[in-house]
Amino acid sequence: MEVLLIAIGGFFGAISRYYISEKWNRKFGFLPYGTLFVNLFGSFLLGLIIGFDTNQYIYSLLGIGFLGAFTTFSTFIVELIGLQEANKTKGMIVYLIITIIFGFMFALVGVSIGSRV
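Position 115 of the sequence shown, counted from 1, bears residue number 115 in UniProt numbering, the numbering being contiguous throughout.
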């Protein structure tokens with residue numbers, strides 16, 4: 001049952017990430033804003049789910065499945081390399097710092113909000 005929930009969540013998470021990333025990354029040129037958004041928003045949502053202390057089935061569907069496919073560390077790394085290869089060092093550093101620091105902060109806020117509800 002859990003594997004099916006993970007697969008369903010992953011299907012919708014991957015499609016959501018693809019849609020947002022494609023649309024936003026093409027619209028804005030300086031940084032890959034689509035990937036930045038999905039990673040920061042996904043960090044917040046995962047923190048929220050953890051804070052809610054949901055059951056294993058909800059966590060499998062949303063935490064592992066949807067958010068596992070929605071957020072993307074590998075694309076983040078590839079985009080960092082692309083920025084570096086395009087000699088956009090400032091953008092690369094800004095993107096790296098924003099993603100790591102704010103991703104962690106968003107997750108903490110999500111846990112805090114989720115544990116209070």
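We put the beta carbon where it would ideally sit given N, CA and C, even for glycine.
Predicted model only: the values in this text are computed from it and were never measured.
Cβ-Cβ separation, residue 91 to residue 30 (assumed contact under 8 Å), whole Å: Taking a contact as a CB-CB distance under 8 Å, the pair residue 30 and residue 91 counts as one, their CB atoms being some 6 Å apart.
So what's residue 86 in DSSP terms, helix, strand or just coil? coil
State whether the segment 77-85 contacts the segment 11-18, with contact taken as three or more CB pairs (one from each stretch) at a distance under 8 Å. no
Does DSSP classify residue 55 as helix, strand or coil? coil
Can you give the Cα-Cα distance for residue 112 and residue 7, rounded to whole angstroms? 28 Å
Taking the alpha carbon of residue 43 as the point to measure from, which residue in 62, 54, 87 and 1 has its own alpha carbon closest? 62
Going by the beta-carbon positions, is the gap between residue 49 and residue 9 smaller than 8 Å? no
Note down, in chain order, each residue of its chain lying with its Cβ closer than 7 Å to the Cβ of residue 107, except the 5 sequence neighbours on either side. Answer for residue 107: 43, 44, 46 and 47, listed in chain order.
If you draw a straight line from the C-alpha of residue 94 to the C-alpha of residue 28, how long is it? Cα to Cα, the separation comes out at about 15 Å.
Tell me the rounded alpha-carbon separation between residue 85 and residue 32. Taken atom to atom, the span from the alpha-carbon of residue 85 to that of residue 32 is near 14 Å.
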